[in-house]
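Chemist:
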Amino acid sequence: MKTQITITNSTTLNDLPDVLTVATLAAYLHTTRQNICKMLIAGEIRSVKVGRSYRVPKVFLQEFLKGSSQQPA
11 MKTQITITNS TTLNDLPDVL TVATLAAYLH TTRQNICKML IAGEIRSVKV GRSYRVPKVF
71 LQEFLKGSSQ QPA
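Position in the sequence shown (first residue = 1) + 10 = the numbering used here.
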């Protein structure tokens with residue numbers, strides 16, 4: 011059973027589930043699933059591989075967002 015998550019411009023981090031799929035993460039970060047997969051494979055965003063797919067715990071997304079906000083512009 012799949013649960014559909016609707017991401018809007020007003021969706022906050024607290025609104026997201028504790029574990030994100032690649033598709034949900036791509037929608038939240040306003041990018042493509044392919045780009046998210048590249049970031050996961052490169053280790054830019056930590057993840058857990060479940061079978062052939064990736065899952066990203068919300069705490070790993072928070073680490074990524076915190077780290078990217080600290081980089082100089």
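We put the beta carbon where it would ideally sit given N, CA and C, even for glycine.
Only a predicted model underlies this, so the values are computations on that prediction, with no experimental measurement involved.
How far does the beta strand (DSSP E) with Glu30 in it reach, from first residue to last?
Modeler: For the purposes of this step, residue 30 is taken as residue 20 along the sequence shown, with counting starting at 1. The identity of residue 30 in the sequence shown is Leu, whereas the question assumes Glu. Where Leu30 is concerned, the enclosing beta strand (DSSP E) stretches over Val29 to Thr31.
Chemist: Just list the beta strand (DSSP E) runs in the stretch 33-67, keeping only unbroken ones of 3 residues or longer that don't cross its boundaries, in chain order.
Modeler: Taking only runs of at least 3 residues, the beta strand (DSSP E) segments lying wholly in the stretch 33-67 are 58-60 and 63-67.
Chemist: Tell me the DSSP secondary structure of Gln72 in three-state form.
Modeler: Indexing the sequence shown from 1 puts residue 72 at position 62. If DSSP states are grouped into helix, strand and coil, Gln72 belongs with the helices.
Chemist: Between the Cα of Leu71 and the Cα atoms of Ser20, Thr18 and Pro27, which residue gives the shortest distance?
Modeler: As a working note, residue 71 is residue 61 in the sequence shown. Minimum Cα distance to Leu71 is reached at Pro27.
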